[in-house]
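Numbering (our numbering), first residue to last: 10 to 93.
See structure below.
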């Protein structure tokens, strides 16, 4: 299954409306398929725009392995959102 930027954005909007205080949202973006950069950009833009007063967002990615193989990153990026 391959997700796309628009549906991922809609899912994040919906999840952010229904998650309770103290709840978490996790997004694992696989960046080895076509459109992967668009999807990662949308997720990063969405999470960066959340108000700091009520949300905390963290991004986890590999640091000690080659990211490029055939001009594509190999490791997925994990983004965690915590609603305060």
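Yeah, the Cβ is synthetic: ideal placement off N, Cα and C, and Gly gets one too.
Straight-line CA distance for residue i to residue j?
i, j, result
"residue 85", "residue 26", "25 Å"
"residue 58", "residue 11", "25 Å"
"residue 36", "residue 55", "12 Å"
"residue 95", "residue 31", "Nothing about residue 95 can be read from this structure; the chain reaches only from 10 to 93."
"residue 61", "residue 67", "12 Å"
"residue 29", "residue 65", "14 Å"
"residue 41", "residue 70", "14 Å"
"residue 51", "residue 72", "22 Å"
Would you mind reading off the limits of the beta strand (DSSP E) that contains residue i?
i, result
"residue 90", "86-92"
"residue 68", "64-69"
Can you name, in chain order, every residue of its own chain whose Cβ lies under 7 Å from the Cβ of residue i, other than the five neighbours on each side?
i, result
"residue 33", "89, 90 and 91"
"residue 24", "34"
"residue 17", "48, 51 and 52"
Tell whether a beta-carbon distance below 8 Å holds between residue i and residue j.
i, j, result
"residue 21", "residue 38", "no"
Assuming residue i and residue j make a contact with CB atoms under 8 Å, what is their CB distance in whole Å?
i, j, result
"residue 15", "residue 63", "Rounded, the Cβ-Cβ distance is 25 Å, inconsistent with contact."
Might you give, ordered along the chain, the residues of its own chain that have their beta carbon closer than 8 Å to the beta carbon of residue i, omitting 5 neighbours on each side?
i, result
"residue 53", "68 and 88"
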